[in-house]
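Engineer:
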Amino acid sequence: MTQFRYRHSLPALFGFACMALLAGCKTSPLDRQDPLSVRGSMRVAPAPEAKSITGHYKPAPYDAPPNPRSAYHVPPVFFYEDRPLSDNLVSAIELADFEAAVIRAGYWPYLDGGKDHTVLAVPNEPFEMYRHEDMPDLMKPAKHAYLAGLIGQMILIGHWDLPTIRRQAAKKGGSIQVPTLAGPGHDVILKPMEGGGVEVIGKDGTVTLTGNGYRQSNGVLYVTDSILPYYP
């Protein structure tokens, strides 16, 4: 009977395989976040209420089929501090239109990656109103460059929670300039307001952040009152 002899032990072969895999890996802003490197947390915060759904309820007329209010009820959704922007954004029904736009614009890997970003998410109602009244073909291939610019200016580079914004703005005369994924010429100005909110001043207009924002494992998620105007 022919006998085969292994010159290397199984652990050694496994080690060589791991080294080969690591040698082919490169670090980039688009690398997926490794959950093992994220410190676990039990902190959660309720996501914005799904007003775009509950607002569609209307009592059925006397002679029409029943239209129960329970059909428009959306269970509470929570944002988890130890999960990335991508996980929390995809779970929020009230931000579904913005989520679809981020994916179509090509920015989803940044929200799924390990580097910090700050997202200014638009609720369904103002986003749908913008699509219907101002840009009905926004999600079509012909408008991809415009969509990339529009959404890109609403994704800020870095971790900009409220304490950081207020601290940095106080050092620099009341406001700070922050780069966005839309690139040079599309930075935004973050300006804390007297009432406690933050005004976001873009190249072509302004929006206001509602609430205190949600800490994420790879950045911060805010909700805005409308879409930040954009003209290429």
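Just so we're aligned, residue 1 is where the sequence shown starts under this note's numbering, counting upward by one. Where a beta carbon is used, it is the ideal one built from N, C-alpha and C, also for glycine.
Taking the straight line between their C-alpha atoms, what separation do you get for Ile165 and Glu99?
Structural biologist: C-alpha separation (whole angstroms): 25 angstroms.
Engineer: Which residues does DSSP list as the beta-bridge partners of Gly185?
Structural biologist: For Gly185, which the question treats as bridged, DSSP gives no partner whatsoever.
Engineer: Identify which residue in Lys171, Tyr130, Tyr222, Gly106 has its Cα closest to the Cα of Val198.
Structural biologist: Per the Cα distances, Tyr222.
Engineer: Taking all protein chains shown into account, do 16 or more other C-beta atoms lie within 10 angstroms of the C-beta of Val220, making it buried, or fewer, making it exposed?
Structural biologist: That one is buried.
Engineer: I'd like to know if Gly197 contacts chain B, where contact means its C-beta is closer than 7 angstroms to some C-beta of that chain.
Structural biologist: As a matter of chain content, chain B is missing from the structure shown, which is built from one protein chain.
Engineer: Kindly list the residues whose CB is nearer than 8 angstroms to the CB of Arg104, restricted to its own chain and excluding five residues on each side of it in sequence; keep chain order.
Structural biologist: Same-chain partners within the cutoff: Met139, His144, Leu147.
Engineer: What span of residues does the beta strand (DSSP E) with Ile201 cover, start to end?
Structural biologist: From DSSP, the beta strand (DSSP E) with Ile201 extends over 198-201.
Engineer: Can you grab the Cα-Cα spacing for the pair Gly113 / Thr180, in whole Å?
Structural biologist: Taking the straight line joining both Cα atoms gives about 16 angstroms.
Engineer: May I have the straight-line CA-CA distance separating Arg167 from Pro61, to the nearest angstrom?
Structural biologist: Roughly 55 angstroms between the two C-alpha positions.
Engineer: What is the residue span of the alpha helix (DSSP H) that Arg104 lies within?
Structural biologist: 96-105 is the extent of the alpha helix (DSSP H) around Arg104.
Engineer: Work out the CA separation of Ala142 and Lys191 for me, nearest whole Å.
Structural biologist: If I take the Cα positions, the gap works out to 34 angstroms.
Engineer: Hey, quick one: how far does the beta strand (DSSP E) through Arg215 stretch, first residue to last?
Structural biologist: Here the beta strand (DSSP E) through Arg215 covers 206-216.
Engineer: Per DSSP, what kind of secondary structure is Ile227 in: helix, strand or coil?
Structural biologist: Of the three classes helix, strand and coil, the one that applies to Ile227 here is coil, per DSSP.
Engineer: For Thr54, count neighbouring Cβ atoms within 10 angstroms of its own Cβ and tell me buried if that reaches 16, exposed if not.
Structural biologist: With a pLDDT of 48 at Thr54, under the threshold of 50, the modelled position of this residue cannot be trusted, and the question is left open.
Engineer: Given this structure, state the Cα-to-Cα distance separating Leu209 from Val200, to the nearest angstrom.
Structural biologist: When rounded, the distance between both Cα atoms is 7 angstroms.
Engineer: For Ile189, I'd like the list of residues in its chain whose CB is within less than 6 angstroms of its CB, leaving aside the five on either flank, ordered along the chain.
Structural biologist: Only Ser175, Gln177, Ile201 meet the Cβ criterion.
Engineer: Would DSSP call Gln177 helix, strand or coil?
Structural biologist: In the structure shown, Gln177 sits in a strand (DSSP, three-state: E or B).
Engineer: Spatial neighbours of Tyr130 within its chain, please: CB distance less than 6 angstroms, with the 5 preceding and 5 following residues excluded, ordered by chain position.
Structural biologist: So the list reads Ile227, once near-sequence residues are dropped.
Engineer: Starting from the Cα of Gly195, find the closest Cα among Asn212, Asp204, Ala182, Pro184 and give me that residue.
Structural biologist: Among Asn212, Asp204, Ala182, Pro184, the Cα nearest to that of Gly195 belongs to Asn212.
Engineer: Count the other CB atoms within 10 Å of the CB of Asp225; is the residue buried (16 or more) or exposed (fewer)?
Structural biologist: The residue is exposed, with fewer than 16 neighbouring Cβ atoms inside 10 Å.
Engineer: Look at the alpha carbon of Glu125 and the alpha carbon of Glu94, and state the distance between them as a whole number of angstroms.
Structural biologist: Straight-line Cα distance between these residues: approximately 8 angstroms.
Engineer: Taking the alpha-carbon of Gly238 as reference, which of Gly183, Glu128, Val122, Leu120 has the nearest alpha-carbon?
Structural biologist: Any answer about residue 238 is impossible in this case: the structure gives the chain only from 1 up to 232.
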